[in-house]
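Step one of this worksheet: look at the structure below.
Protein chains: 4
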Amino acid sequence: MIKGIYTPIVTPFAEDESIDYGKLKHNLDLLSKSDLDGIVVLGSNGEFVYLNHKEKLEFIEFCVNNFSKEKNIIVGTSYDSTIETIKFCKEAAQLGAVAALVLPPHYYKGGMNEEVLYMHFTDVADESPIPIMLYNMPGNTGINMSSKLIARLAKHPNIVGIKDTSGNIVQLTEIVRDTDEDFVVFAGNAGYLLPALTIGARGATVALGNILPNECCKVVSLFQEGKLEEAKELQVKLVEINFLVTGGMGVPALKAAMDMLGYEGGIPRRPLRPLSEDKREVVKAALKNIGVL
Amino acid sequence: MIKGIYTPIVTPFAEDESIDYGKLKHNLDLLSKSDLDGIVVLGSNGEFVYLNHKEKLEFIEFCVNNFSKEKNIIVGTSYDSTIETIKFCKEAAQLGAVAALVLPPHYYKGGMNEEVLYMHFTDVADESPIPIMLYNMPGNTGINMSSKLIARLAKHPNIVGIKDTSGNIVQLTEIVRDTDEDFVVFAGNAGYLLPALTIGARGATVALGNILPNECCKVVSLFQEGKLEEAKELQVKLVEINFLVTGGMGVPALKAAMDMLGYEGGIPRRPLRPLSEDKREVVKAALKNIGVL
Amino acid sequence: MIKGIYTPIVTPFAEDESIDYGKLKHNLDLLSKSDLDGIVVLGSNGEFVYLNHKEKLEFIEFCVNNFSKEKNIIVGTSYDSTIETIKFCKEAAQLGAVAALVLPPHYYKGGMNEEVLYMHFTDVADESPIPIMLYNMPGNTGINMSSKLIARLAKHPNIVGIKDTSGNIVQLTEIVRDTDEDFVVFAGNAGYLLPALTIGARGATVALGNILPNECCKVVSLFQEGKLEEAKELQVKLVEINFLVTGGMGVPALKAAMDMLGYEGGIPRRPLRPLSEDKREVVKAALKNIGVL
Amino acid sequence: MIKGIYTPIVTPFAEDESIDYGKLKHNLDLLSKSDLDGIVVLGSNGEFVYLNHKEKLEFIEFCVNNFSKEKNIIVGTSYDSTIETIKFCKEAAQLGAVAALVLPPHYYKGGMNEEVLYMHFTDVADESPIPIMLYNMPGNTGINMSSKLIARLAKHPNIVGIKDTSGNIVQLTEIVRDTDEDFVVFAGNAGYLLPALTIGARGATVALGNILPNECCKVVSLFQEGKLEEAKELQVKLVEINFLVTGGMGVPALKAAMDMLGYEGGIPRRPLRPLSEDKREVVKAALKNIGVL
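Chains as they are written, first to last, in my numbering: chain A, 1 to 293; chain B, 294 to 586; chain C, 587 to 879; chain D, 880 to 1172.
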């Protein structure tokens, strides 16, 4: 069963924008030794939209071969097309993924009503050899999956959980309320990890795990031990840097922060650009501010 | 000092849309005996936008005279005009309010940049004889006050707190982080009361307090006693009815629920209309569902 | 019948924020001699939200007494409350307004569904002694009145037109399509005056008329004479300054531009502030750019 | 040079969701004989997001071989990745496209600031063997390209025009104002074709051209002949059906309408579904209403 803290790993690129597998290996080694329960490959922070399909398959294979066998690998298999998504779920299963993280199709926003989304996820879950984890990410897709839709989909035997990155804590509460105990409700951002745990989240998939994996896990353990004041202090401490490397400046900032902390971020692929020098100073200051640099 | 749970009381109207002071008295008596720490008069749930100024002054006076002297009365004194807001703060002070809850002016959304809002609140706080509590209510105003603006305003000696109804738990965390211990950070909706307490909120001003005051207070006491599982269960239980009487169906639903639970909601003033029979059934079902009816 | 070009006049304030009737008289004299068909008093550009009710009545009376008897005066009579709006329509009628411009109530955005808005406008139109002109202004109210709702309301004998400031030219086309010939469809902003005329608008109510009344009227006459290329050139020329004094920098910029062109803008009332020196230069440059300064 | 009316052709699928080249051939034959100036292949109405890269190349080749040599073929070559977009532009050029229509990358909405978009389009235009036409489509991408950004990009010798589907007629006016005479400003939707022509648009790319190509072209010719009243009547007539097959019900409605009018829509690819029977009746009624069925 999936629980705990996962991080959606970045895809490090070399100067020529090719995937830098050396840097990736370095990161996988470090994350294997961390407290994380697993990684998400080809998530939003993995710049999956910038990889072609062949690159994606190679990338998954490399991760499976180089990440701790004792931890889980979830793979992002989203395409706008139902058929392509199903095909990718099958390939990811073959390569060793334990679950597939699937976004709602979102190009035709006007056409993606709840019935269409329900059918899409049902079709994918029917055919996927591995369990499906829903991925609600309105900031990038422009579509919010309602708690009602999620509760309906949660009844499918092959849909086992959700990563909700909406930031709407009431919606997260409703999902917890309307799904069974074993449905995996994950916060999608470290910014509200503790509040999410309070209302019943079973874990989280957080970009911040790329740079501060053990700190993220620590929020969970402090909460579980009932050390609420300490948990709060840590949560409050993490909010600024988390904002910078996610909503604030995104993947380029996350990669820059990785470089500062002994990981290998590499550069992002265009149209994204490496973080500018002045923004890099902001990230550095935030890391120093919480004593990790 | 302001802390704990407040409810923004409704304004009950008679069939002819005049204020029904008898019904109001009935509610004030019940709330005086509840666990609530105080009430907000002329808040959003008080339909303040539908009262003319003369009615507002009478309404405040009546509340001051008929509500428990051991609890606090905060008064909503918002006008779009700075001058009118200041004038109203002075009148509310004279009538006995302990603090004034003030919305950002919001008609000219394009013109209400952070500097303009900063100057408005500073001007009001400079002149108001009673402390100012900021009121962030983007759902109704279309304007979100950033945590940065709030932190800046929190430095003013006469601005003592904020009611944040944005529902953005990360923003609430940032406000807690960036203001002093004695700055009153209030959740603005019962839907995320427990998560807000977890990250350091000092209380809340919740519409739900009009019908379930003691249950709202119970979330706080359970949290303070470290009974997190019970607190979670209660929080989850309150989410549905809270949604119905706030974002879902608004003031008409809140008034209908009051009628069902022994309070006196009265009718809303036009353009609002009494809740339709079928929606009333939805509210009733939700109340039965959690065992309070 | 209402047609042609109207301008929503500004309310000039003196340094102490009192209404400066001398400046107002100056403007009314100039506008009386312009090509405009009339003025709107207490519209959005009149800062109506910053005047108390007593000031509003005095203001209307002054305008009626000091504006050309050969042109029309429409008065903005909007309040969130249905009762207060009706009362104000009656007062405006008594003072000499030919029609009342009425916004949808908008504080409780979630509650203002089409049925509630339909009832509000119907109630107001039933009781108002003067014809009602609907005022769709989503930029300030956060609520868009659909073409379907407008067509439904247009059937009321006392609802005679609409000022649509949505900027949605397709919606304007639908309104023209779905209402009778004599329903007054007005563009609400000079930015799309010519396109609006092309699809059947009968005129416009434009803030730009405060500074360039004859130029706005010229767009209409060129269009009516079939001089499309000249009309286009003038329309394109007006777009920049129009943007600056409306969406771009709003009322403070409009007042500053008035000062530059021989009108008397006065200062805005707080929370609005007089235009800063550098923004004033931008306005000046735009006016010079089109040769009116 | 590109001008006049283009239609973004649909991709007809057979029951098994494979591309139905027989149906496509049928449509290309009809459109070849129409008044259209050209077609857009793999645009939004072509469900380009549901085709894999191999299918896209075959599709383009088929269109080039089966569409009138006297008309133009523009190809949609958008990918989120700069590299993939450039590669696709080169392939499209090789296959015979006269220009490439390119969307802004849009998955990381927060990261797509104007500088990043500027660099992306510049990189693509630098490397593409065929001219680039910008494609502003905020409804699907969630990103609006400002008139300022467009004017800046218009200076690039290999960026020759824009299809603006924002529906913002003021923005379209600004683009006309800020770009040279030979920069191709195209309306992106038939709903505002006449207004767009009035302020200087040089043509349009309209989904409606799939079913009513000659009627769309007629709006242009009537406008050019100065028959404004007739042009207005036709424009108003087209608005309802245009809404249904674009914003209202999208590609499934467009395909259903094609079937009704002698074209071959085929079914959409999942997650899209064929239009339901009751919605089909709405489309049929709209077509009858304007006398084309």
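Where is the CB? At the ideal position from N, CA and C, for every residue including glycine.
Residue range of the unbroken alpha helix (DSSP H) whose run includes M1128(D) = Locating residue 1128(D) in the fourth sequence gives position 249, counting from the first residue. M1128(D) -> no alpha helix (DSSP H), and no H or E assigned at all.
For the segment 165-219 of chain A, which segments carrying the beta strand (DSSP E) assignment without a break, of at least 3 residues, lie completely within its bounds, in sequence order?
-> 184-187, 203-205
Please classify P450(B): is it buried, with 16 or more other beta-carbons within 10 angstroms of its beta-carbon, or exposed?
-> Within the second sequence, residue 450(B) is the residue found at index 157, counting from 1. With fewer than 16 Cβ atoms within 10 Å of its Cβ, P450(B) is classed as exposed.
Give me the Cα-Cα distance between F1062(D) and L1072(D), rounded to the nearest whole angstrom.
-> Here residue 1062(D) corresponds to residue number 183 of the fourth sequence, with the count starting at 1. Here residue 1072(D) corresponds to residue number 193 of the fourth sequence, with the count starting at 1. Roughly 18 Å separates the two Cα atoms.
Step through the CB atoms of chain C and report whether any lies within less than 8 Å of the CB of V529(B).
-> On the second sequence, position 236 is the one that residue 529(B) refers to. For V529(B), the answer is no, since every Cβ of chain C falls outside 8 Å of its Cβ.
Of the choices V116(A), P129(A), T198(A), whose alpha-carbon is the least far from that of G96(A)?
-> Taking the first sequence and counting its residues from 1, the one referred to as residue 96(A) is at position 96. Cα-wise, what sits closest to G96(A) is P129(A).
Taking Cβ-Cβ distances below 8 Å as the criterion, which residues of the segment 743-760 of chain C are in contact with chain D?
-> G753, N754, I755, V756, T759, E760
What is the DSSP secondary structure of V596(B), reduced to helix, strand or coil?
-> No statement about residue 596(B) is possible, as the shown extent of chain B runs from 294 to 586 and does not include it.
Return helix, strand or coil for I442(B), following the three-state DSSP convention.
-> What you label residue 442(B) is simply residue 149 of the second sequence in a count that begins at 1. Note on residue identity: the sequence assigns Leu, not Ile, to residue 442(B). Helix.
Got a sec? Which residues, its chain only, sit under 8 Å from D1059(D) by beta carbon, not counting five neighbours each side?
-> For the purposes of this step, residue 1059(D) is taken as the residue at position 180 of the fourth sequence. Apart from sequence neighbours up to five positions away, the residues of its chain that approach D1059(D) with a beta-carbon distance below 8 Å are A1033, ordered along the chain.
Give me whichever residues DSSP pairs with V41(A) in a beta bridge.
-> Locating residue 41(A) in the first sequence gives position 41, where the first residue counts as 1. Note: V41(A) sits in a beta bridge opposite V75(A).
Identify the residues that DSSP records as bridge partners of I132(A): which are they?
-> Within the first sequence, numbered from 1, the residue matching residue 132(A) stands at position 132. For I132(A), which the question treats as bridged, DSSP gives the partners A100(A), I159(A).
Beta-ladder partner(s) of Y6(A), from DSSP | The residue you call residue 6(A) lines up with position 6 of the first sequence. The beta-bridge partner set that DSSP reports for Y6(A) consists of G38(A), T205(A).
Looking only at C-alpha atoms, which of E91(A), A190(A), K25(A), M260(A) sits nearest to P213(A)?
-> Looking up residue 213(A) in the first sequence gives position 213. Considering only alpha carbons, the answer is A190(A).
Pick out whichever of N406(B), P561(B), D416(B) has its Cα sitting closest to the Cα of I379(B).
-> Stepping through the second sequence from its first residue, residue 379(B) is reached at position 86. Taking only the C-alpha atoms, the option nearest I379(B) is D416(B).
Segment contact flag, the segment 295-310 of chain B with the segment 336-344 of chain B, C-beta cutoff 8 Å, min 3 pairs = yes
Going by other Cβ atoms of all chains shown within 10 Å of its Cβ, with 16 needed for buried, is N52(A) buried or exposed?
-> Residue numbering aside, residue 52(A) sits at position 52 when the first sequence is read from its first letter. That one is exposed.
Do you know whose CA, among R856(C), L814(C), A872(C), G789(C), lies nearest N828(C)'s CA?
-> Start at 1 with the first residue of the third sequence, and residue 828(C) comes out as number 242. When each option's Cα is compared against that of N828(C), the closest is A872(C).
Shortest alpha-carbon distance to G262(A) belongs to which of K237(A), D278(A), L293(A)?
-> The sequence position of residue 262(A) within the first sequence is 262, counting from 1. Among K237(A), D278(A), L293(A), the Cα nearest to that of G262(A) is on L293(A).
Would you give the residue range spanned by the alpha helix (DSSP H) that S18(A) belongs to?
-> Against the first sequence, residue 18(A) aligns to sequence position 18. Looking at the DSSP string, S18(A) is not in any alpha helix (DSSP H), and its letter there is neither H nor E.
Taking Cβ-Cβ distances below 8 Å as the criterion, which residues of the segment 192-214 of chain A are in contact with chain B?
-> Y192, L194, P195, A196, T198, I199, G200
May I have the straight-line CA-CA distance separating K71(A) from L465(B), to the nearest angstrom?
-> Within the first sequence, numbered from 1, the residue matching residue 71(A) stands at position 71. Within the second sequence, numbered from 1, the residue matching residue 465(B) stands at position 172. Spanning the two alpha carbons is a distance of roughly 34 Å.
For P724(C), the nearest candidate out of H399(B), P561(B), I492(B), L568(B) (CA to CA) | As a first step, residue 724(C) must be located in the third sequence, where it is residue number 138. Just measuring C-alpha positions, the residue of H399(B), P561(B), I492(B), L568(B) sitting nearest P724(C) is H399(B).
Listed in chain order, which residues of the segment 47-58 of chain A have Cβ atoms closer than 7 Å to some Cβ of chain D?
-> V49, Y50, N52
Return the bridge partner residues of I853(C) from the DSSP annotation.
-> Counting from 1 along the third sequence, the entry for residue 853(C) is found at position 267. According to DSSP, I853(C) bridges with F599(C).
Can you find a heavy atom of the ligand GTP that lies under 7 Å from the Cβ of L568(B)?
-> As far as ligands go, the structure on display features none, and thus does not contain the ligand GTP.
Using the Cα positions of K316(B) and I132(A), report the straight-line distance between them to the nearest angstrom.
-> For the purposes of this step, residue 316(B) is taken as residue 23 along the second sequence, with counting starting at 1. For the purposes of this step, residue 132(A) is taken as residue 132 along the first sequence, with counting starting at 1. When the Cα atoms are used, K316(B) and I132(A) turn out to be separated by approximately 54 Å.
The segment 695-715 of chain C: which residues have C-beta closer than 8 Å to a C-beta of chain B, in chain order?
-> K695, G696, G697, M698, V702, L703, M705, H706, D709
Measure the alpha-carbon distance for A93(A) versus A99(A) and round it to whole angstroms.
-> Within the first sequence, residue 93(A) is the residue found at index 93, counting from 1. Within the first sequence, residue 99(A) is the residue found at index 99, counting from 1. Their Cα atoms are separated by approximately 8 Å.
Does V239(A) get closer than 8 Å to chain B when you measure Cβ to Cβ?
-> Position 239 of the first sequence, counting from 1, holds the residue named residue 239(A). Yes, because at least one Cβ of chain B sits closer than 8 Å to the Cβ of V239(A).
Taking the CB atoms as reference points, tell me whether F599(C) and G852(C) lie closer together than 8 Å.
-> Locating residue 599(C) in the third sequence gives position 13, counting from the first residue. Locating residue 852(C) in the third sequence gives position 266, counting from the first residue. In contact: F599(C) and G852(C) (Cβ atoms closer than 8 Å).
Within 8 Å, strictly: CB atoms of A839(C) and K865(C) = The sequence position of residue 839(C) within the third sequence is 253, counting from 1. The sequence position of residue 865(C) within the third sequence is 279, counting from 1. Taking 8 Å as the Cβ cut-off, A839(C) and K865(C) qualify as a contacting pair.
Cβ neighbours of E174(A) in the same chain (closer than 7 Å, five flanking residues each side left out) | Sequence index remark: in the first sequence, residue 174(A) carries index 174 (1-based). In the same chain as E174(A), and ignoring 5 residues on each side of it, the C-beta atoms closer than 7 Å to its own belong to S147, in chain order.
Starting from R1056(D), find everything on chain C with Cβ-Cβ shorter than 7 Å and list it in chain order.
-> Position 177 of the fourth sequence, counted from the first residue, corresponds to residue 1056(D). Simply V822, V825.
Could you work out which residue in V453(B), E408(B), G540(B) is closest to L394(B) when comparing CA atoms only?
-> Numbered from 1 along the second sequence, position 101 holds the residue referred to as residue 394(B). Among V453(B), E408(B), G540(B), the Cα nearest to that of L394(B) belongs to V453(B).
Within the 8 Å Cβ cut-off, does G226(A) reach chain B?
-> As a first step, residue 226(A) is located in the first sequence; it is residue number 226 there, counting from the start. Answer yes: the Cβ-Cβ gap between G226(A) and chain B drops below 8 Å somewhere.
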